[in-house]
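**Q** Just dropping this structure here.
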């Protein structure tokens, strides 16, 4: 499997740390030193489906394909206004696709998990060209009265078109059941038989625990995948990590090794866009010609669950 | 100084970009050595990996000084 086209889309509205300091108990220095985030894009006039369609069409065009040549649509999304139907169903027609698709929710690790599924589908001969779309609006489930979560997130979509090839080398998935570290609980309809009504609440995060688990498990995934391939950090051109927090990325780098240049970031501009963060960054890096054939790239993502996932590529065009 | 203390001191110095001679037992990790809460979490991960232990939140919450850190690791490694 290899990636032959990428696309990304971000909301038009840019919100800086100073903008947030206007109504939250925070300031630019606090946010920047603890997260590395300087600004983020937030949905305002457009909706998530617009971003999803935009990113997808760009990826299909970049791949040199027509929408009817896509055999399957895999969507990673944590939450959007529709619990059902799936986001894949909602955007399928607008992208111009005629194929089937499905949604997965593996939190911020959704992209790498979707790659694993796409790889399996191709190996099983079920699809030749697969569109993986990660579309996320985490700012819609944050509590905007407090600073702990709301300053961290941004909205966005990233998409890749995958086809047959030998670039995708390996994948490592981890799941450690621990709901309390990070969760968003939605409200449910009441029934006459309800004993314990769940009202729902915005995203709850135990920051320090999450930070610790993310650094530890992501590093473990990466080291596992390097060991299996008989590689060291010196062999890797880029470690493309989920853009959750610059300090987490730095923590992982200190364990895995290698200079900062090998750990690209876009979190400064976009905040944490959940599962869309890696495909958005990949799209930018390819547009900037930062990736060349033969580059060995590790992707690693982690999030609510706790889940984490890493994969290894040897880049082909 | 024990091997555990030497390793711990080296990790603290490396993490906080300090000379090892500055990492003395009475120093407060936060007020004297400049660590913030995330530095401390990162340090915990590095120490857990180094000594193959898993700290509880309750125990790490009590750590203020380098000496506290030595005691914490000695407690876990002697289990």
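Chains as they are written, first to last, in my numbering: chain F, 29 to 345; chain S, 2 to 80. All C-beta atoms, glycine included, are put in the ideal place defined by N, C-alpha and C. The model shown is predicted, which means the values in this text are computed figures rather than measured ones.
1) Is the Cβ of residue 284/F closer than 7 Å to any Cβ of chain S?
2) Would the stretch 61 to 78 of chain F count as touching the stretch 33 to 44 of chain F if we require 3 or more Cβ pairs under 8 Å?
3) Give every residue of the same chain whose Cβ lies closer than 7 Å to the Cβ of residue 218/F, excluding the five residues on either side of it in the sequence, and list them in chain order.
4) Taking any Cβ of chain B, which residues in the stretch 226 to 245 of chain F have a Cβ under 8 Å from it, in chain order?
5) How would you write the range of the alpha helix (DSSP H) that residue 404/F sits in, first residue to last?
6) Does the Cβ-Cβ distance between residue 346/F and residue 103/F come in under 7 Å?
7) Answer with buried or exposed for residue 280/F, where buried requires no fewer than 16 other C-beta atoms within 10 angstroms of its C-beta.
8) Is residue 101/F helix, strand or coil by DSSP?
9) List the DSSP bridge partners of residue 42/F.
10) Just mark residue 108/F as buried or exposed, buried being the case when its beta carbon has 16 or more other beta carbons within 10 Å.
11) How many angstroms separate the CA atom of residue 327/F from the CA atom of residue 23/S?
12) Could you confirm whether any beta carbon from chain S is found closer than 7 Å to the beta carbon of residue 64/F?
13) Using a Cβ-Cβ cut-off of 7 Å, state whether residue 154/F counts as contacting chain S.
14) Please list, in chain order, all residues of the same chain as residue 75/S whose beta carbon is under 7 Å from its beta carbon, the five residues on each side excluded.
15) Can you have a look at residue 315/F and say buried or exposed, based on whether 16 or more other CB atoms are within 10 angstroms of its CB?
16) Can you pull the chain F residues whose beta carbon is under 8 Å from the beta carbon of residue 47/S, in chain order?
17) Closest Cβ-Cβ distance between residue 44/S and chain F: below 7 Å?
18) Please report how far the alpha carbon of residue 56/S lies from the alpha carbon of residue 80/S, in whole angstroms.
19) Out of 251/F, 235/F, 176/F, 78/F, which has the shortest C-alpha to C-alpha gap to residue 120/F?
20) Thinking residue 138/F and residue 68/F are a contact (beta carbons under 8 Å), I'd like their distance in whole angstroms, please.
21) State yes or no: is the beta carbon of residue 39/S nearer than 7 Å to at least one beta carbon in chain F?
22) Compare the C-alpha of residue 159/F against each of 167/F, 55/F, 128/F, 165/F and name the closest.
23) In terms of residue numbering, what span does the alpha helix (DSSP H) encompassing residue 131/F cover?
24) List the residues of chain S whose Cβ lies closer than 8 Å to the Cβ of residue 275/F, in chain order.
25) Starting from residue 331/F, follow the beta strand (DSSP E) in both directions and report where the run begins and ends.
26) The alpha helix (DSSP H) that contains residue 32/F, what's its start and end?
27) Interface residues of chain F around residue 27/S at Cβ under 7 Å?
28) Anything in chain F within Cβ reach of residue 10/S, meaning under 9 Å, just list it in chain order.
29) So, with DSSP's three-state summary, where would you put residue 91/F?
30) Applying the 10 Å Cβ sphere with the 16-neighbour rule, what's the burial state of residue 207/F?
31) If you draw a straight line from the C-alpha of residue 157/F to the C-alpha of residue 147/F, how long is it?
32) What is the DSSP secondary structure of residue 267/F, counted as helix, strand or coil?
33) DSSP state of residue 153/F, grouped into three classes?
34) For the alpha helix (DSSP H) that contains residue 278/F, what are its first and last residues?
35) Please report the straight-line C-alpha distance between residue 287/F and residue 325/F, rounded to a whole angstrom.
36) Does any residue of chain S bring its CB to less than 7 Å from the CB of residue 279/F?
**A** Concretely, from the data shown:
1) As a first step, residue 284/F must be located in the first chain, where it is residue number 256. No, because no Cβ of chain S sits closer than 7 Å to the Cβ of residue 284/F.
2) Segments in contact, yes.
3) Taking the first chain and counting its residues from 1, one reaches residue 218/F at position 190. The residues are 225.
4) Here chain B cannot be found, since the structure's protein chains are F and S.
5) Because chain F in this structure spans residues 29 to 345, residue 404/F falls outside the shown range and cannot be described.
6) The shown model of chain F, from 29 to 345, leaves out residue 346/F, and the question about it has no answer.
7) For this step, residue 280/F is matched to residue 252 along the first chain. Buried, by the Cβ-count rule.
8) Looking up residue 101/F in the first chain gives position 73. Secondary structure at residue 101/F: strand, using DSSP grouped into helix, strand and coil.
9) Against the first chain, residue 42/F aligns to sequence position 14. Per DSSP, 69/F.
10) By one-based count along the first chain, residue 108/F stands at place 80. Buried is the call here.
11) Looking up residue 327/F in the first chain gives position 299. Looking up residue 23/S in the second chain gives position 22. Each residue's alpha carbon lies about 37 Å from the other.
12) Locating residue 64/F in the first chain gives position 36, counting from the first residue. The Cβ of residue 64/F sits no closer than 7 Å to any Cβ of chain S.
13) To locate residue 154/F, count along the first chain from 1; it is residue 126. No, because no Cβ of chain S sits closer than 7 Å to the Cβ of residue 154/F.
14) The count along the second chain starts at 1 and reaches residue 75/S at position 74. Listed in chain order, the non-local C-beta contacts of residue 75/S below 7 Å within the same chain comprise 5, local neighbours out to five positions each way being set aside.
15) The residue labelled residue 315/F in the question sits at position 287 within the first chain. With fewer than 16 neighbouring CB atoms inside 10 Å of its own CB, residue 315/F falls in the exposed class.
16) On the second chain, residue 47/S is found 46 positions in, with the first residue counted as 1. Correct list: 282, 283.
17) In the second chain, counting from the first residue as 1, residue 44/S sits at position 43. Taking Cβ atoms only, chain F never reaches closer than 7 Å to residue 44/S, which makes this a no.
18) In the second chain, residue 56/S corresponds to position 55, counting from 1. In the second chain, residue 80/S corresponds to position 79, counting from 1. Rounded to the nearest angstrom, the two C-alpha atoms are 12 Å apart.
19) Along the first chain, one-based indexing puts residue 120/F at 92. Relative to residue 120/F, the option among 251/F, 235/F, 176/F, 78/F whose CA is nearest is 78/F.
20) Here residue 138/F refers to the residue found at position 110 of the first chain. Here residue 68/F refers to the residue found at position 40 of the first chain. Separation of the CB atoms of residue 138/F and residue 68/F is rounded to 19 Å, and the pair is thereby denied contact status at 8 Å.
21) One-based indexing of the second chain puts residue 39/S at position 38. Taking 7 Å as the CB threshold, residue 39/S lines the interface with chain F.
22) Residue mapping note: residue 159/F aligns to position 131 of the first chain, counting from 1. Comparing Cα-Cα distances from residue 159/F to each of 167/F, 55/F, 128/F, 165/F, the minimum goes to 128/F.
23) Start at 1 with the first residue of the first chain, and residue 131/F comes out as number 103. Counting along the chain, residue 131/F sits inside no alpha helix (DSSP H); it lies in the beta strand (DSSP E) bounded by residues 128 to 132.
24) By 1-based counting over the first chain, the position of residue 275/F is 247. For the C-beta of residue 275/F, the chain S residues within less than 8 Å are, from N- to C-terminus, 39, 43.
25) Working through the first chain from its first residue, we reach residue 331/F at position 303. Note, residue 331/F: beta strand (DSSP E), 324 to 331.
26) As a first step, residue 32/F is located in the first chain; it is residue number 4 there, counting from the start. Membership of residue 32/F in any alpha helix (DSSP H) is not indicated; the residue belongs instead to the beta strand (DSSP E) covering 30 to 37.
27) By one-based count along the second chain, residue 27/S stands at place 26. By Cβ distance, chain F contributes nothing, its closest Cβ being about 25 Å from residue 27/S, past 7 Å.
28) Residue mapping note: residue 10/S aligns to position 9 of the second chain, counting from 1. Within chain F, no residue comes near residue 10/S; the closest Cβ sits about 17 Å away, beyond 9 Å.
29) The residue given as residue 91/F occupies position 63 in the first chain. In this structure, residue 91/F counts as coil in the three-state DSSP scheme.
30) Translated into positions along the first chain, residue 207/F becomes position 179. Classification for residue 207/F: exposed.
31) On the first chain, position 129 is the one that residue 157/F refers to. On the first chain, position 119 is the one that residue 147/F refers to. The alpha-carbon of residue 157/F is positioned some 11 Å away from that of residue 147/F.
32) Translated into positions along the first chain, residue 267/F becomes position 239. Residue 267/F: strand per DSSP, three-state reduction.
33) Start at 1 with the first residue of the first chain, and residue 153/F comes out as number 125. Coil at residue 153/F, not helix or strand.
34) As a first step, residue 278/F is located in the first chain; it is residue number 250 there, counting from the start. Bounds of the alpha helix (DSSP H) holding residue 278/F are 274 to 284.
35) Position 259 of the first chain, counted from the start, is the residue given in the question as residue 287/F. Position 297 of the first chain, counted from the start, is the residue given in the question as residue 325/F. Between residue 287/F and residue 325/F, the C-alpha separation is close to 14 Å.
36) By 1-based counting over the first chain, the position of residue 279/F is 251. Closer than 7 Å: yes.
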